[in-house]
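Below is one structure, written out as C-alpha cells; the observations come after it.
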Amino acid sequence: MKRICIIGGGISGLLAGALLAREGYRVEIFERKKRLGGRAISMKMDELSLEEYRSLLSNFNMDIYHSEPEAEILFEKGLLKGYKLDLGFHVIGGGERAINEWLSGFGKVRMIETKLAYIREDGYEYPFLPLKDRIGFLPQILKLLLSGEKTMEELDLVPMSETIERYGRGKMKLTLEVFSRVIATVNDLNKISTGETLRSLKLLLRGSSPVSYPRGGLESIYAGLASFMKNKIHLGNPVREIVVEDNRVSKVVADREHEFDMVVSSLLAKDLSKILKGDVPKDYLKKLNSLTGTGSLCAYVSLRKIEPDLAGKTFLFIERDVGLEGNDVAGMIDFMTCLDREISPRNHYL
6 MKRICIIGGG ISGLLAGALL AREGYRVEIF ERKKRLGGRA ISMKMDELSL EEYRSLLSNF
66 NMDIYHSEPE AEILFEKGLL KGYKLDLGFH VIGGGERAIN EWLSGFGKVR MIETKLAYIR
126 EDGYEYPFLP LKDRIGFLPQ ILKLLLSGEK TMEELDLVPM SETIERYGRG KMKLTLEVFS
186 RVIATVNDLN KISTGETLRS LKLLLRGSSP VSYPRGGLES IYAGLASFMK NKIHLGNPVR
246 EIVVEDNRVS KVVADREHEF DMVVSSLLAK DLSKILKGDV PKDYLKKLNS LTGTGSLCAY
306 VSLRKIEPDL AGKTFLFIER DVGLEGNDVA GMIDFMTCLD REISPRNHYL
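Going by the numbering used here, the residue at position 307 of the sequence shown is 312; the numbering climbs one at a time, nothing skipped.
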C-alpha cells in the first residue's frame, strides 16, 4: 500500500488527504502551523490579541492596510467580540449541492446560496446571468465548456485575452472579462489561463445558485475533513525537505525522516523549490523559480442596518482604465454573510 505525504493542512490538503485515505492509501498530513485551515483559517476575533492577529496575517504575507477605527482601538475596546473572520474571504462555486458532493462521507455543510449581481453605473443587474443569457451563451462557447480534460490542459496555456478576442461578443465578453479576473484574482488577462477559467465557469453556469458560502465560516468545511483524518495530521511540523532520487520522491524530512512513495503539496508553487532536494530536474526548478506572486485586497465591513434587497446577494463590478497592471480591475462586494448569524454579534451584519 502506497504511503502519501500531504504538505499543508488547509482545505485543499485536507480534502486531498481524506479522498486518498478513503481509497485505501496510507496518508499523513504535515502542517507547519499549530492550527488547521491554511489560507482559509476562520478566526474568532475575541480570542486573539492584535499582536497574535498581525503575526497570523504575516505568516501568509498579509497585513492590515486600513482600519476604521484603528486596529489598536478595535482590540483594546473589545469591539471585535462576537465576530468570526476568515483569513481571506472565499465564495464557493456550484452551490450547496456541489460542495456536499465533494465532501460526501466527510460531513454535510450548510451553505448560503445566491445568484450573482453586476453593478452598473445606473444601478445593478440581478441576476447577472439569467437563464436566457446562459442559453444564449451556449452556441458561442459550448464546445469549450464541454471539452475534455486533455483539451482543458491545452487551454491552460492559452491566455484569456486570446479567448475573449475570439469568442467575446456583447455580454459574453463582459462575463469572461469579469469572471476570469475574479476567479484568478489577477487583473491582466494575458496572465490568466483559459483552462482554469472554463473549469470554474462550468460550475457557475450549471446551477440556479452559482455561488455559496458556508454558514459559520470556512471552518465548517475543514472541521469535518480534519475529524475524518484524526491522528493522521501533524500540526506544528513543517516539511523541511523533499528528497528526490532517480526522478522519484524517496523521503521527506520534517521532525525526522519519513519514507513516502508520493508527495502532494498544497504550498504556493513558487515556494516548493525551497524544499526540493536531490535529483530534481533543472527545467522544473527553473519553472518554479520563475513564478511570481499576486495580491488582492479584502475588506470586512460591519453594518448596523442593511437594505433588505441587498442582503444575501453577491455583486460583481469592473473599473475601467485605472492605470494598474491589466488596465481594468474587477472585484466583488458580498452580502451573503449578512444572513449568517454565527459570524457576527446580534444586530450587526458582516
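C-beta: ideal position from N, C-alpha, C; glycine also.
Treat the numbers as computed from the prediction; the structure is a model and nothing was measured.
- In the DSSP assignment, Ala259 falls outside any beta strand (DSSP E) and carries neither an H nor an E.
- DSSP places Cys10 in the strand class (E or B) of the three-state scheme.
- Taking the Cα of Gly222 as reference, the smallest distance to any Cα among Gly173, Met341, Asn242, Gly128 is reached at Met341.
- At a Cβ-Cβ threshold of 8 Å, Tyr123 and Leu321 count as neighbours.
- In summary, Arg325 is exposed, with fewer than 16 beta-carbon neighbours lying within 10 Å of its beta-carbon over all protein chains present.
- The region 302–310 makes contact with the region 334–354, as at least three CB pairs between them are under 8 Å.
- Sixteen is the threshold: when 16 or more other Cβ atoms of the shown chains lie within 10 Å of the Cβ of Arg186, as they do, the residue is buried.
- Its Cα nearest to that of Gly110, the residue Ser232 stands out among Ser232, Glu77, Ile323.
- Our two residues, Gly98 and Pro215, have alpha carbons roughly 6 Å apart in a direct line.
- Taken in chain order, the whole beta strand (DSSP E) runs of length 3 or more contained in the region 25–113 are 31–36, 47–49, 89–91.
- In this structure, the straight-line span from the alpha carbon of Ile247 to that of Asp138 is close to 49 Å.
- In this chain, the beta strand (DSSP E) harbouring Ala335 covers 334–339.
- Separation of Leu296 and Asp51 (C-alpha to C-alpha, rounded to the nearest whole angstrom) is 37 Å.
- Where Leu315 is concerned, there is no enclosing alpha helix (DSSP H), because DSSP gives it neither an H nor an E.
- When only Cα atoms are considered, Ile140 and Ile338 end up about 26 Å apart.
- Excluding its 5 nearest sequence neighbours in each direction, Phe65 has C-beta neighbours in its own chain below 7 Å: Arg44, Leu92, listed in chain order.
- In the three-state reduction of the DSSP assignment, Gly128 falls in the strand class, which pools E and B.
- Going by C-alpha positions, Lys39 is about 18 Å away from Cys10.
- Separation of the CB atoms of Leu134 and Met165 is rounded to 18 Å, and the pair is thereby denied contact status at 8 Å.
- Contact annotation: Leu329 and Asn192 have beta-carbon atoms nearer than 8 Å.
- Under the three-state reduction of DSSP output, Tyr123 falls in the strand class.
- Around the Cβ of Asp260, a 10 Å sphere holds fewer than 16 other Cβ atoms; the residue is exposed.
- Listed in chain order, the beta strand (DSSP E) runs fully inside the region 139–173 amount to none, counting runs of at least 3 residues.
- Where Ile188 is concerned, the enclosing alpha helix (DSSP H) starts and stops at 176–189.
- Relative to Gly29, the option among Gly15, Leu272, Arg8 whose CA is nearest is Arg8.
- Spanning the alpha carbons of Leu20 and Met267 requires a straight line of approximately 16 Å.
- Contact annotation: Val244 and Phe35 have beta-carbon atoms nearer than 8 Å.
- Counting C-beta pairs closer than 8 Å gives fewer than three between the region 82–90 and the region 278–297, which falls short of the contact rule.
- The C-alpha of Glu159 lies about 7 Å from the C-alpha of Gly200.
- Separation of Ser278 and Ser17 (C-alpha to C-alpha, rounded to the nearest whole angstrom) is 20 Å.
- Within the same chain, Met116, Glu118, Ser217 come within 7 Å of Glu101 by CB-CB distance, once the 5 residues on both sides are set aside.
- A check of alpha carbon separations from Gly13 across Glu73, Leu240, Ile78, Phe265 identifies Leu240 as the nearest.
- Distance from the CA of Gly229 to the CA of Lys113, rounded to the nearest whole angstrom, comes to 8 Å.
- In the DSSP assignment, Pro219 is bridged to Met116.
- Following the DSSP letters along the chain, one finds Lys282 inside the beta strand (DSSP E) bounded by residues 281–283.
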